[in-house]
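Undergrad: Starting off with a structure, shown below.
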Amino acid sequence: MKNVLIDCERLKYPNTGLHTFCSELGRALIHQKKKELDYTFYVPQSFNNYFGTEVNYKIFNLLHKLYIPNTDKYDVWHKTHQGSPYQPYNAKTKIVYTVHDLNFLVEKKHSVNKIKSYLHKIQQNINRADVITCISNFAKQQVLDNIHLENKEIITIYNGVSVNEFPDFNAPKFLPKKPFLFTLGTVLPKKNFHVLPCLLQHNDFDLIIAGNLSRPEYVEKIKQEAKLFGVESRVHIIGSINEKEKYWYYKNCKAFVFPSLAEGFGIPAIEAMLFEKPVFLSNLTSLPEIGGKVAYYFNNFSVENMQAVLDNGLTHYHNLADKKIISTHAQQFTWEKAAQEYEKIYLSL
Numbered sequence: 506m507k508n509v510l511i512d513c514e515r516l517k518y519p520n521t522g523l524h525t526f527c528s529e530l531g532r533a534l535i536h537q538k539k540k541e542l543d544y545t546f547y548v549p550q551s552f553n554n555y556f557g558t559e560v561n562y563k564i565f566n567l568l569h570k571l572y573i574p575n576t577d578k579y580d581v582w583h584k585t586h587q588g589s590p591y592q593p594y595n596a597k598t599k600i601v602y603t604v605h606d607l608n609f610l611v612e613k614k615h616s617v618n619k620i621k622s623y624l625h626k627i628q629q630n631i632n633r634a635d636v637i638t639c640i641s642n643f644a645k646q647q648v649l650d651n652i653h654l655e656n657k658e659i660i661t662i663y664n665g666v667s668v669n670e671f672p673d674f675n676a677p678k679f680l681p682k683k684p685f686l687f688t689l690g691t692v693l694p695k696k697n698f699h700v701l702p703c704l705l706q707h708n709d710f711d712l713i714i715a716g717n718l719s720r721p722e723y724v725e726k727i728k729q730e731a732k733l734f735g736v737e738s739r740v741h742i743i744g745s746i747n748e749k750e751k752y753w754y755y756k757n758c759k760a761f762v763f764p765s766l767a768e769g770f771g772i773p774a775i776e777a778m779l780f781e782k783p784v785f786l787s788n789l790t791s792l793p794e795i796g797g798k799v800a801y802y803f804n805n806f807s808v809e810n811m812q813a814v815l816d817n818g819l820t821h822y823h824n825l826a827d828k829k830i831i832s833t834h835a836q837q838f839t840w841e842k843a844a845q846e847y848e849k850i851y852l853s854l
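Once you know that position 218 of the sequence shown is 723 in the working numbering, the rest is easy, because the numbers rise by one and skip nothing.
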């Protein structure tokens with residue numbers, strides 16, 4: 506029996522990609538649990554018993570940034586994101602280290618010294634790790650280009666994607682009266698949402714932007730762009746949404762638009778594809794890899810190009826004989842498959 510600790514400390518940030526990763530991977534690991542593996546989930550106090558009562562829990566404490574007691578019993582420790590400072594102090598414990606992205610290299614919003622500091626911390630984690638996993642080949646190449654691996658194994662394991670269904674739900678926090686474009690994500694500059702209001706020219710669409718509103722100044726920038734194009738009454742920035750609302754907006758949107766500048770994977774794009782919706786992505790970072798041939802891409806963010814991509818894409822989608830190719834593409838990304846790949850690694854160490 507191998508004792509495996511899964512670091513799910515980031516569950517404390519709901520409606521984020523890291524919360525989804527910890528939650529969905531944890532559930533999939535439990536669902537198909539192998540008898541050779543005994544799981545302990547490292548969670549915030551408010552998430553005690555989050556994965557049920559048949560697994561073990563270790564509760565997060567602020568002092569754990571300095572020292573985590575009683576870690577000798579763990580054979581494998583899974584650090585589920587590149588910024589985690591938590592690790593065992595038993596040198597014999599094997600570490601699986603998951604890198605989601607090195608977005609700070611793409612965003613270029615930090616000083617040279619700050620970037621060097623981030624890379625140094627990741628290098629230290631790599632040095633302690635036994636196996637490195639990345640959530641896309643793009644993220645893997647970022648690591649290969651910027652970190653010294655010293656012949657350590659590095660593996661791509663794609664995220665899974667799933668959306669809970671609520672067919673009888675019809676009461677989202679904002680109920681649009683017009684056909685609408687939809688996007689979802691923490692409302693930050695790297696998501697590039699401020700380029701979207703121009704898409705409302707020459708049509709009668711609304712735009713719904715959902716996600717954590719952590720940067721008021723960026724929300725204001727989106728509103729200013731909407732005002733510039735005379736569409737401020739049709740741009741709705743609605744904040745965080747629950748699972749039922751997410752289901753409703755995916756199901757009912759005219760298209761999903763996601764012009765992100767920096768993504769390690771891009772879960773919302775694949776979620777929208779499960780609903781066989783036309784998906785419009787930037788052609789940057791991991792998104793072409795994840796969206797494949799069934800997405801439409803903004804090659805730049807000029808008004809003319811974005812409007813042409815949307816118009817031509819919607820026409821192509823309307824004439825598409827078999828829209829199931831979109832959902833079929835999305836269905837290759839499952840948490841069950843991801844859990845199986847992680848299980849293989851846990852057992853091999």
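Virtual Cβ for every residue (Gly too), placed ideally from N, Cα, C.
Per the contact definition of three or more C-beta pairs closer than 8 angstroms, is the stretch 628–643 in contact with the stretch 586–601?
TA: Result yes; three or more Cβ-Cβ pairs closer than 8 angstroms.
Undergrad: Can you name the residues that DSSP bridges to Leu689?
TA: DSSP, once it has assigned bridges, lists Ala715 as partnering Leu689.
Undergrad: Select from Glu559, Lys507 and Lys539 the residue whose C-alpha is nearest the C-alpha of Tyr868.
TA: In the structure as shown, the chain starts at 506 and stops at 854, and residue 868 therefore has no counterpart that could be examined.
Undergrad: Can Ile714 and Ile746 be called in contact, C-beta distance under 7 angstroms?
TA: No.
Undergrad: On a CA-only basis, which of Val509, Ser622 and Ala774 is nearest Asp577? Give me that one, please.
TA: Looking at the Cα atoms, Val509 is the closest of the given residues.
Undergrad: Where does Ser787 fall in DSSP's three states?
TA: Note: Ser787 maps to strand in three-state DSSP.
Undergrad: Near Phe739, which residues of its chain fall below 6 angstroms by C-beta distance, leaving aside the five closest residues on each side in sequence?
TA: Note that residue 739 corresponds to Arg in the displayed sequence, not to Phe. Taken in chain order, the residues that qualify are Leu705 and Asp711.
Undergrad: Can you give me the C-alpha to C-alpha distance between His858 and Thr661, rounded to a whole angstrom?
TA: It is not possible to answer for residue 858, since the shown part of the chain is limited to 506 through 854.
Undergrad: Could you please give me the residues that DSSP links to Thr525 through a beta bridge?
TA: Note: Thr525 sits in no beta bridge, so no partner.
Undergrad: What is the DSSP secondary structure of Ile746, reduced to helix, strand or coil?
TA: Three-state result, Ile746: coil.
Undergrad: Would you mind stating whether Ser641 and Ser791 have Cβ atoms separated by less than 7 angstroms?
TA: Taking 7 angstroms as the Cβ cut-off, Ser641 and Ser791 qualify as a contacting pair.
Undergrad: Counting only the same chain and skipping the five closest in sequence on each side, list residues whose C-beta sits under 7 angstroms from that of Gly796.
TA: These residues qualify, in order along the chain: Ala774, Val784 and Leu786.
Undergrad: Report yes or no: do three or more beta-carbon pairs, one from the stretch 757–769 and one from the stretch 676–689, lie closer than 8 angstroms?
TA: These segments touch.
Undergrad: Look at Glu776 and Val668 and say whether their C-beta atoms are less than 7 angstroms apart.
TA: Cβ atoms of Glu776 and Val668: closer than 7 angstroms.
Undergrad: So who's on the other strand from Trp582, going by DSSP bridges?
TA: Per DSSP, Leu510 and Ile600.
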